[in-house]
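**Student:**
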Amino acid sequence: MENNPAILLPIIVLLPLLGGIVNGLIGKRLPKQATYFVANAAVLGSFALSVQAFLALRTATVVNPDAAFRFEAFRWIAAGSYSFDMAFLLDPLSAVMILVVTGVGFLVHLYSTAYMDHDAGIARYFSYLNLFIFSMLMLVLGKNLAMLFIGWEGVGACSYLLIGFWFKDMDKAEAGQKAFVVNRIGDIGFVVAIFLLLAYGNGSVDYDALKSMFSDKVATVAHAPTITLICLLLFVGAAGKSAQIPLYVWLPDAMAGPTPVSALIHAATMVTAGVYMIARLNFLFALSPHAMTVVMLVGALTALVAASIGLVQNDIKKVLAYSTVSQLGYMFIAVGAGAFAAGIFHLFTHAFFKACLFLGAGAVIHALHHEQDIRKMGGLAKKLPVIRTTFLVSCIAIAGLPPLAGFFSKDAILAETVAFHPDLDRLEKYYGPGFQRQAETHAVGAAIRAGKSPGEVDRADVTKKAAELKAEWRASVERLAVARKIAFALGLLAALMTAFYMFRLYLMTFSGSYRGDHHTYDHAHDAPWPMGVPLQILAVLSVCAGWLGTPFNHGHWNKFSQWLDPVLARGKELVTGHLEPAVEYGLMGLSVAVAATGVALAWSLYKAGPTEKTAQMAQSLRPIYATLLNKYWVDEAYHAVLVLPLRWISQFLFQLVDRLLVDGLMVRGPGMVLIGFSHLGRLVQTGEVQTYLVGVAVGLAALTWYLI
43 MENNPAILLP
53 IIVLLPLLGG
63 IVNGLIGKRL
73 PKQATYFVAN
83 AAVLGSFALS
93 VQAFLALRTA
103 TVVNPDAAFR
113 FEAFRWIAAG
123 SYSFDMAFLL
133 DPLSAVMILV
143 VTGVGFLVHL
153 YSTAYMDHDA
163 GIARYFSYLN
173 LFIFSMLMLV
183 LGKNLAMLFI
193 GWEGVGACSY
203 LLIGFWFKDM
213 DKAEAGQKAF
223 VVNRIGDIGF
233 VVAIFLLLAY
243 GNGSVDYDAL
253 KSMFSDKVAT
263 VAHAPTITLI
273 CLLLFVGAAG
283 KSAQIPLYVW
293 LPDAMAGPTP
303 VSALIHAATM
313 VTAGVYMIAR
323 LNFLFALSPH
333 AMTVVMLVGA
343 LTALVAASIG
353 LVQNDIKKVL
363 AYSTVSQLGY
373 MFIAVGAGAF
383 AAGIFHLFTH
393 AFFKACLFLG
403 AGAVIHALHH
413 EQDIRKMGGL
423 AKKLPVIRTT
433 FLVSCIAIAG
443 LPPLAGFFSK
453 DAILAETVAF
463 HPDLDRLEKY
473 YGPGFQRQAE
483 THAVGAAIRA
493 GKSPGEVDRA
503 DVTKKAAELK
513 AEWRASVERL
523 AVARKIAFAL
533 GLLAALMTAF
543 YMFRLYLMTF
553 SGSYRGDHHT
563 YDHAHDAPWP
573 MGVPLQILAV
583 LSVCAGWLGT
593 PFNHGHWNKF
603 SQWLDPVLAR
613 GKELVTGHLE
623 PAVEYGLMGL
633 SVAVAATGVA
643 LAWSLYKAGP
653 TEKTAQMAQS
663 LRPIYATLLN
673 KYWVDEAYHA
683 VLVLPLRWIS
693 QFLFQLVDRL
703 LVDGLMVRGP
713 GMVLIGFSHL
723 GRLVQTGEVQ
733 TYLVGVAVGL
743 AALTWYLI
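In our numbering, the protein residues as written are 43 to 750.
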């Protein structure tokens, strides 16, 4: 293995699959501790091998910065010019992702041994959890879009199973169905984009082949509108998986599943898939400033809308759910601005503090016998010191206060959103042949309409038309510059709200006096070690993970960005921008001031829990408060505009096609015809001899007539 680290890749992927199969098939017959061991050992083994593969890659990149490990397992599909290989790729980007997936995944598995200890479906739970890790590893280690799509659908299926884990409760079962259906809507765009890429990629969706094709300035056959269409379709898929407007509504309802599942979905697996996909295809997205602007603005709007809803939520898990939607919006701001490394860096740091927050919330719920309403909490700091400390650290991190991890990653996004912009000179060189061909097509069409032959086209007119097309395209891109200012402003406002609602959550949970049932309070206890150890590890990572991406010393200390450079090089080539140190530090100071303001506001209002003052504020802002509390009535609008009409159409088709045509005409029809004939036959079966003699006489007469 030391001589060929690539052999580790299929083992990393298959270990959780093996654990899921074992627990799925015989887990119910195993002792509970054996079930725990199988599930945890599978993910821990994957994590250990991921560390080994990462170290081997790090050593290889010292000699060759573009080093990557590839493992070709077998040709999966071959049909004419189309082919799909079952192959794995480990490069700096996938190395970061597998460490996050397996590392956080193992901590969630360990935590679950205590949290789910008394659940009757424990073997089924750990089987699903292992399969979730397997699917995500398939997604991030796949060497082509086909394998990414397998993992993509796998995490979607596993999320359905885990969100609806307690399926006897109809609300929880429906939450799982909602997640599944909304994700399928996004997947339509993703599938169409893959087919378009197959058409333009000569039958291959291998990352290396696509990068080579879209880097070829002469041989490219894709014009700007086509590339923009492909990118927008890919983003539709990413928006579904990563809960962006308008497909974000499934994620808050995903809280119906067990809390460790929420931690895994929100921190390390499913919702990060869309961000990863765009970063992986950076060489494609960077070619379309228009699509990038859409990604950035949708991310900014999502960050703001979700943060505003989080301001008034009272369910501890719902607050964290909307914070995840908002933080994912930040990641899309980053990748939409061309700051791909900053987006992945925020994904990396967010995994630690969000997992810590969700697991901390689960520990609070566990200690309070499943109470989730923060209005019935308070005063838990002394009762739950470990949970309280780790929760506070994670709140500081997500609020973006230095020197914790969230400060560095969020600041990088806001700064690079202002600094970066498309490199129009490079993009013009790329699209030059396309503009020329488009101008030639236009000129030939004009010549034919004028009654001339294609050979009589005036080359000067072609050159002039190509220049006009180029100028129109350049002007349209330059008009997009205002979008960056809008995204920055929305991101800054969302940062203020984030700091406020996270410290509102912390203060209402741990400060003031207890407002719930005092019998529950008396029996509350701190986290047992299988829950406490993951919390403490994640809290430490929430403090120090950001130090890998510090902007100081002109970015020379940003080891995280430098590590990702070989993968993101093409995307970075097509984006340009630079911030002077004074401006960068000024933006950093502004970011800290905004976060500190949010914390101070929360402290002034909620340091003793909800008071008469906060109630009066809610009453005075009743229309706004009601709008936020009802989440802008988006779910109700979807239900009225989409769900009810589709349900009526389904009922109509059910009655017409299934009941009338299938059951009525095709199933019961032949039987009814036979019954009708049998009734006719019964008319002559009277039991009277005279009737039979008449029938015989008529028959003989007819036969005689025929023979004569």
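We put the beta carbon where it would ideally sit given N, CA and C, even for glycine.
Report the option in Val-428, Ala-115, Leu-60, Arg-612 whose CA atom is closest to the CA atom of Phe-325.
**Tutor:** Locating residue 325 in the sequence shown gives position 283, counting from the first residue. For the residues Val-428, Ala-115, Leu-60, Arg-612, the minimum Cα distance to Phe-325 belongs to Arg-612.
**Student:** Is Val-634 closer than 8 Å to Phe-545 when the C-beta atoms are compared?
**Tutor:** For the purposes of this step, residue 545 is identified with residue 503 of the sequence shown, where counting begins at 1. For the purposes of this step, residue 634 is identified with residue 592 of the sequence shown, where counting begins at 1. No, the pair does not count as a contact, with Cβ atoms beyond the cut-off.
**Student:** Could you tell me if Asp-250 is buried or exposed, where buried requires 16 or more neighbouring beta carbons within 10 angstroms of its beta carbon?
**Tutor:** Counting from 1 along the sequence shown, the entry for residue 250 is found at position 208. Exposed, by the Cβ-count rule.
**Student:** From His-560, Thr-366, Gly-371, pick the residue whose C-alpha is nearest to that of Asp-295; which is it?
**Tutor:** Position 253 of the sequence shown, counted from the start, is the residue given in the question as residue 295. Checked all of His-560, Thr-366, Gly-371; the closest Cα to Asp-295 is Thr-366.
**Student:** Let me know the secondary structure DSSP gives Ile-53 once reduced to three states.
**Tutor:** Position 11 of the sequence shown, counting from 1, holds the residue named residue 53. It is helical.
**Student:** Quick check: Ser-88 and Leu-179, are their CB atoms within less than 8 Å of each other?
**Tutor:** As a position in the sequence shown, residue 88 is number 46, starting the count at 1. As a position in the sequence shown, residue 179 is number 137, starting the count at 1. The answer is yes: Cβ separation under 8 Å.
**Student:** What does the Cβ neighbour count give for Gly-380, buried or exposed, with the cut at 16 atoms within 10 Å?
**Tutor:** Numbered from 1 along the sequence shown, position 338 holds the residue referred to as residue 380. It is buried - the Cβ of Gly-380 has at least 16 other Cβ atoms within 10 Å.
**Student:** Look at the alpha carbon of Val-428 and the alpha carbon of Met-573, and state the distance between them as a whole number of angstroms.
**Tutor:** Looking up residue 428 in the sequence shown gives position 386. Looking up residue 573 in the sequence shown gives position 531. If you take the alpha carbons of Val-428 and Met-573, they lie about 10 Å apart.
**Student:** Hey, how far is the Cα of Pro-73 from the Cα of Ser-436?
**Tutor:** The residue given as residue 73 occupies position 31 in the sequence shown. The residue given as residue 436 occupies position 394 in the sequence shown. If I take the Cα positions, the gap works out to 36 Å.
**Student:** Report the residue ranges of all alpha helix (DSSP H) runs contained in full by the segment 289-313; include only those spanning at least 4 residues, in chain order.
**Tutor:** Qualifying alpha helix (DSSP H) stretches, in chain order: 292-295, 301-309.
**Student:** Across which residues does DSSP place Thr-618 in a beta bridge pair?
**Tutor:** Position 576 of the sequence shown, counted from the start, is the residue given in the question as residue 618. DSSP, once it has assigned bridges, lists His-463 as partnering Thr-618.
**Student:** Secondary structure at Tyr-242, three-state DSSP: helix, strand or coil?
**Tutor:** As a first step, residue 242 must be located in the sequence shown, where it is residue number 200. Looking at Tyr-242 - three-state DSSP - the assignment turns out to be helix.
**Student:** How about Ala-441 and Gly-448: do their beta carbons lie closer than 8 Å?
**Tutor:** For the purposes of this step, residue 441 is taken as residue 399 along the sequence shown, with counting starting at 1. For the purposes of this step, residue 448 is taken as residue 406 along the sequence shown, with counting starting at 1. Against a cut-off of 8 Å, the Cβ pair of Gly-448 and Ala-441 comes out as a contact.
**Student:** Relative to the C-alpha of Pro-444, which residue among Ala-328, Pro-331, Val-636 is closest?
**Tutor:** Numbered from its first residue, the sequence shown carries residue 444 at position 402. Nearest of Ala-328, Pro-331, Val-636 to Pro-444, Cα basis: Val-636.
**Student:** Applying the criterion that 16 or more other CB atoms from any shown protein chain within 10 Å of the CB defines a buried residue, is Cys-586 buried or exposed?
**Tutor:** Along the sequence shown, read from residue 1 onward, the residue named residue 586 stands at position 544. Exposed is the call here.
**Student:** Count Cβ pairs between the segment 220-232 and the segment 273-293 that sit closer than 8 Å; are there 3 or more?
**Tutor:** Result yes; three or more Cβ-Cβ pairs closer than 8 Å.
**Student:** Round the Cβ separation of Leu-511 and Phe-542 to the nearest angstrom and send it over; I've been treating them as touching at under 8 Å.
**Tutor:** For the purposes of this step, residue 511 is identified with residue 469 of the sequence shown, where counting begins at 1. For the purposes of this step, residue 542 is identified with residue 500 of the sequence shown, where counting begins at 1. With 8 Å as the limit, Leu-511 and Phe-542 do not qualify as a contact, their Cβ atoms being about 48 Å apart.
**Student:** Beta-carbon separation of Tyr-202 and Gly-218 under 8 Å?
**Tutor:** Position 160 of the sequence shown, counted from the first residue, corresponds to residue 202. Position 176 of the sequence shown, counted from the first residue, corresponds to residue 218. Against a cut-off of 8 Å, the Cβ pair of Gly-218 and Tyr-202 comes out as a contact.
**Student:** Along the chain, where does the beta strand (DSSP E) that runs through Tyr-734 open and close?
**Tutor:** Within the sequence shown, residue 734 is the residue found at index 692, counting from 1. That residue, Tyr-734, is in no beta strand (DSSP E); its alpha helix (DSSP H) goes 731-749.
**Student:** Residue ranges of each beta strand (DSSP E) run of no fewer than 3 residues wholly in the segment 64-130, ordered along the chain?
**Tutor:** Here the runs fully enclosed are 111-121.
**Student:** Specify, as a first and last residue, the run of the alpha helix (DSSP H) that Val-582 falls within.
**Tutor:** Stepping through the sequence shown from its first residue, residue 582 is reached at position 540. Looking at the DSSP string, the run of the alpha helix (DSSP H) that includes Val-582 is 571-586.
**Student:** Would you kindly work out how many angstroms separate the C-alpha atoms of Leu-67 and Glu-615, rounded to a whole number?
**Tutor:** For the purposes of this step, residue 67 is taken as residue 25 along the sequence shown, with counting starting at 1. For the purposes of this step, residue 615 is taken as residue 573 along the sequence shown, with counting starting at 1. Rounded to whole angstroms, Leu-67 to Glu-615 spans 50 Å at the Cα level.
**Student:** Does DSSP classify Gly-591 as helix, strand or coil?
**Tutor:** Position 549 of the sequence shown, counted from the first residue, corresponds to residue 591. Three-state result, Gly-591: strand.
**Student:** In angstroms, rounded to a whole number, what distance separates the CA positions of His-308 and Gln-286?
**Tutor:** Indexing the sequence shown from 1 puts residue 308 at position 266. Indexing the sequence shown from 1 puts residue 286 at position 244. Those two C-alpha atoms are separated by around 13 Å.
**Student:** Is the number of C-beta pairs between the segment 370-384 and the segment 336-352 that are closer than 8 Å three or more?
**Tutor:** A contact exists between the segment 370-384 and the segment 336-352.
**Student:** Below 8 Å between beta carbons: does that hold for Tyr-556 and Gly-404?
**Tutor:** Counting from one through the sequence shown, the residue named residue 556 turns up at place 514. Counting from one through the sequence shown, the residue named residue 404 turns up at place 362. Going by C-beta atoms, Tyr-556 is not nearer than 8 Å to Gly-404.
**Student:** Please classify Ala-261: does DSSP put it in a helix, a strand, or coil?
**Tutor:** Within the sequence shown, residue 261 is the residue found at index 219, counting from 1. Residue placement at Ala-261 is poorly supported in this model, since its pLDDT is 42, which falls under 50; the coordinates are not used for a value here.
**Student:** Which value, in whole angstroms, describes the spacing of the CA atoms of Ala-328 and Ile-192?
**Tutor:** Translated into the one-based positions of the sequence shown, residue 328 becomes position 286. Translated into the one-based positions of the sequence shown, residue 192 becomes position 150. Rounded to whole angstroms, Ala-328 to Ile-192 spans 25 Å at the Cα level.
**Student:** Would you mind sorting Ala-668 into buried or exposed? The rule is 16 or more other CB atoms within 10 Å of its CB.
**Tutor:** On the sequence shown, position 626 is the one that residue 668 refers to. Ala-668 comes out exposed.
**Student:** Work out the CA separation of Cys-200 and Ile-63 for me, nearest whole Å.
**Tutor:** As a first step, residue 63 is located in the sequence shown; it is residue number 21 there, counting from the start. As a first step, residue 200 is located in the sequence shown; it is residue number 158 there, counting from the start. Their Cα atoms are separated by approximately 14 Å.
**Student:** Can you find at least 3 beta carbon pairs, one from the segment 145-152 and one from the segment 300-317, that sit closer than 8 Å?
**Tutor:** The segment 145-152, when compared against the segment 300-317, does touch it at the 8 Å Cβ threshold.
**Student:** Measuring straight from C-alpha to C-alpha, what distance separates Ala-261 and Leu-534?
**Tutor:** In the sequence shown, the residue the question calls residue 261 occupies position 219. In the sequence shown, the residue the question calls residue 534 occupies position 492. Caution applies to Ala-261, whose pLDDT of 42 falls short of 50 and renders its modelled position unreliable; the value that the coordinates give is listed next. Straight-line Cα distance between these residues: approximately 42 Å.
**Student:** Excluding the five sequence neighbours on either side, which residues of its own chain have a C-beta within less than 8 Å of the C-beta of Thr-432, listed in chain order?
**Tutor:** Mapped onto the sequence shown, residue 432 falls at position 390. The answer, listed in chain order, is Cys-398, Gly-402, Leu-577, Gln-578, Leu-580, Ala-581.
**Student:** Since Phe-394 and Ser-584 are thought to touch, with beta carbons under 8 Å apart, how far apart are those beta carbons, to the nearest angstrom?
**Tutor:** Reading the sequence shown from its first residue, position 352 is the one you call residue 394. Reading the sequence shown from its first residue, position 542 is the one you call residue 584. Right, their Cβ atoms sit about 5 Å apart.
**Student:** On the premise that Leu-590 lies in contact with Phe-602, defined as a C-beta separation below 8 Å, what is that separation, rounded to the nearest angstrom?
**Tutor:** Working through the sequence shown from its first residue, we reach residue 602 at position 560. Working through the sequence shown from its first residue, we reach residue 590 at position 548. So it is a contact: roughly 4 Å between Cβ atoms.
**Student:** Run through DSSP, which three-state label would Lys-649 get?
**Tutor:** Translated into the one-based positions of the sequence shown, residue 649 becomes position 607. Of the three classes helix, strand and coil, the one that applies to Lys-649 here is strand, per DSSP.
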